[in-house]
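Right, one structure below, let's go through it.
Residue numbers (the UniProt record's numbering): 1 to 650.
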């Protein structure tokens, strides 16, 4: 039976209304889908990638996920991502301490346990290719209201000039009123010093601080007054000379504490080995490689949660030992950005740092002479109160001796940030900071990576402290040192803020990892989730066609010597760069540098000449790149400058 006209009209109206309702509900998502599809088409188009590059997100399989706090490119070409406890106190308590060895060539990975909590230690690569990691977490912080057992600093003293004393972790100190406190770390005391003879003999006790906590909870163990404490279990003749001098024991907030342990990672055997302990406990320490192969070790929170008062030590890879430089002290906030200039022993501190320390002390940039201990301030920095969580690095070849300081924010949980980029020309007769370009947004925690075409990739970060308020910057820029200008790069898909790092890979790409936001929502209500995906950036030069190639390269390049590099593309090679295998954590990368080599003709290839000055090329593993007349680099070859790296298996 055919429907009547009135029924037919009603049916048409219903269809139209239904369609309108459906469109009203679904048009926004549909247009969103179309926009997303168009965006994907755009960023994957050849023209776009040739101009801006491309990001690839790697969703790491569940068994291989780590909270990447530290990253290091090894001489094997693999990347070591170190989590330790990964800013997770439950992992610290169970000693589930992790590191991930990732091969960017094959995509394969392998979990490697770490022997101690290296979370927030310092790291750098040694001349023989080993990775040195020093310090880390001895104890997590306790906030006000969460402290149940009174605690504080115990200064342990040894008045015996004839014998050292080692007190193990767990040693109990007893107050004059009988309250017992337990030490949370080992204390190694050298003998007391003795001067003079006879009645004029003077004995000066050796002393070391250690953090102690009352064995019993509650306010009964609070003691605001200094007191002398006996050490439980010592024989009476020893107890006369070895004792504790307690400071205030309170229920107030307790900061993170550092360890004094140090380890090396061997890229050949892919194993950890403990080396000698540092003289001081350090958490958030900076390790700066020097031209003679030793490592300058500065800053950090000590074993009681206090910022070290300028104590400095140097690691010698020949002895695998740290030695304190008592004549070399300068107060720095934690993770200070310290680099060696082209004059051996002359360090430069850009003012960039990771935070712990008072606002009025140790934050001014300056030159630090490790021979004399003098510190000379450097003027001209814009936004000098916004250097916390700033990035800094040599920009362009280190031969040019130009540094860039990028972004940064206010002290602590300040919401302030800056997009400032300031340059420092170290060869200026009167060095001072000069204004550079400004980033589109203020940024804390920017990742800086020197590329073989001399540009610098600036990526990630957040406008507010730890990405609060959903303020992660999903932007990237390429800084051109020849013009001093910024050019937009492809936008990363993954936000990166606190606990993030980026390093250059031998194939010319850039790996980024980590990010530890305080919250996951703009309203700051949902606790943050650590970002465990890896994202890799392919710069525009990888989309310009065929790349020059290196047929072979010597395993070691000597300073002030010329080497022949076989290549079928010799006629197009215009430059050569050595880029040091770098490490990164907390936006601190003190070992990254690109060295320009003189290039000339040679039979079946090109000749490259390494600069004579060892301060330009601290010994260790580097990537050798040949760059053609289009600015396209070869795949980098791992080589060593100075003492040779350990032979790698075939």
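Backbone N, C-alpha and C fix where the C-beta goes; we use that ideal spot for every residue, glycine too.
The model shown is predicted, which means the values in this text are computed figures rather than measured ones.
query	result
For the beta strand (DSSP E) containing residue 191, name the first residue and the last one.	Run containing residue 191: none; DSSP gives neither H nor E here.
Would you kindly work out how many angstroms separate the C-alpha atoms of residue 83 and residue 120, rounded to a whole number?	9 Å
Would you mind listing the beta strand (DSSP E) stretches within the UniProt domain "GlxA-like beta barrel" (150 to 249) that are 3+ residues and don't spill past its ends, in chain order?	151 to 158, 165 to 167, 172 to 174, 180 to 183, 187 to 189, 193 to 195, 202 to 204, 206 to 214, 227 to 231 and 242 to 246
Evaluate residue 25 with the Cβ neighbour count: other Cβ atoms within 10 Å of its Cβ, from every protein chain shown; 16 or more gives buried, anything less gives exposed.	The predicted model places residue 25 with a pLDDT of 49, which falls under 50 and marks its position as unreliable; any figure quoted below should be read in that light. Classification of residue 25: exposed, given that the 10 Å Cβ count is below 16.
Assess, as a yes-or-no matter, whether the segment 543 to 552 is touched by the segment 580 to 598 under the definition of 3 or more beta carbon pairs within less than 8 Å.	no
Grab the span of the beta strand (DSSP E) containing residue 622 for me, first residue to last.	620 to 628
Using a Cβ-based criterion (distance less than 6 Å to any ligand heavy atom), does residue 496 qualify as near the ligand MG?	The ligand MG is not among the ligands present in this structure, which contains no ligands whatsoever.
To which residues of the same chain is residue 156 closer than 7 Å at the C-beta, ignoring the five residues directly before and after it?	167, 187, 189, 207, 208, 210 and 244
Who are the Cβ neighbours of residue 320 in its own chain at under 8 Å, not counting the five residues just before and after it?	264, 275 and 276
Between the alpha carbons of residue 641 and residue 520, how many angstroms are there, rounded?	44 Å
Would you mind listing the beta strand (DSSP E) stretches within the UniProt domain "Galactose oxidase-like Early set" (547 to 641) that are 3+ residues and don't spill past its ends, in chain order?	562 to 566, 573 to 580, 594 to 602, 605 to 609, 620 to 628 and 637 to 641
If I measure Cβ to Cβ from residue 634 and keep anything under 7 Å in the same chain, skipping five residues before and after, which residues do I get?	547, 548, 549, 550, 625 and 626
Please look up how many angstroms separate the CB atoms of residue 64 and residue 111, rounded, as I've assumed it's under 8 Å.	6 Å
Could you name each continuous alpha helix (DSSP H) segment of 4 residues or more that falls completely within the segment 289 to 341, going from the start of the chain to the end?	none
Does DSSP put residue 696 in a helix, in a strand, or in coil?	Outside the displayed span of the chain (1 to 650) sits residue 696, for which this structure offers no information.
With a cut-off of 8 Å on the beta carbons, I'd call residue 370 and residue 590 a contact; round off their distance for me.	Rounded, the Cβ-Cβ distance is 14 Å, inconsistent with contact.
Leaving out the 5 sequence neighbours to the left and right, which residues in its chain are closer than 8 Å to residue 253 when beta-carbon positions are compared?	141, 142, 143, 144 and 147
Using the Cα positions of residue 636 and residue 623, report the straight-line distance between them to the nearest angstrom.	5 Å
Under 7 Å, do residue 493 and residue 55 count as touching if we go by C-beta distance?	yes
Inspect the beta-carbon positions of residue 53 and residue 538 and report whether they are closer than 7 Å.	yes
Using a 10 Å radius around the Cβ and a threshold of 16 neighbouring Cβ atoms, would you call residue 23 buried or exposed?	Low confidence applies here, because residue 23 scores a pLDDT of 44, under 50, leaving its location unreliable; read the following figure in that light. Classification of residue 23: exposed, given that the 10 Å Cβ count is below 16.
Given 8 Å as the limit, is there contact between the segment 559 to 576 and the segment 473 to 485, that is, 3 or more CB pairs closer than that?	no
Where does the unbroken beta strand (DSSP E) through residue 46 begin, and where does it stop?	Where residue 46 is concerned, there is no enclosing beta strand (DSSP E), although the alpha helix (DSSP H) it sits in stretches over 46 to 52.
What residue does the beta strand (DSSP E) around residue 255 start on, and which one ends it?	Neither: residue 255 is in no beta strand (DSSP E) and is coded neither H nor E.
Excluding sequence positions up to five away, which residues of its chain have a Cβ less than 8 Å from the Cβ of residue 328?	312, 370 and 373
Please report the straight-line C-alpha distance between residue 122 and residue 395, rounded to a whole angstrom.	23 Å
Looking only at C-alpha atoms, which of 557, 402, 602 and 568 sits nearest to residue 610?	557
Short check: CB of residue 316 to CB of residue 294, under 7 Å?	yes
State whether the segment 575 to 591 contacts the segment 122 to 133, with contact taken as three or more CB pairs (one from each stretch) at a distance under 8 Å.	yes
Shortest alpha-carbon distance to residue 73 belongs to which of 106, 129, 96 and 62?	129
Which one or two residues does DSSP pair with residue 514 in a beta bridge?	500
Leaving out five residues on either side along the sequence, give the residues of the same chain with a beta carbon under 6 Å from the beta carbon of residue 282.	135, 258 and 300
Give the secondary structure of residue 38 by DSSP, where H, G and I count as helix, E and B as strand, and everything else as coil.	helix
Can you grab the Cα-Cα spacing for the pair residue 304 / residue 138, in whole Å?	9 Å
Starting from residue 527, follow its DSSP beta bridges and name the residues at the other end.	519
So the beta strand (DSSP E) residue 476 belongs to, where does it begin and stop?	476 to 480
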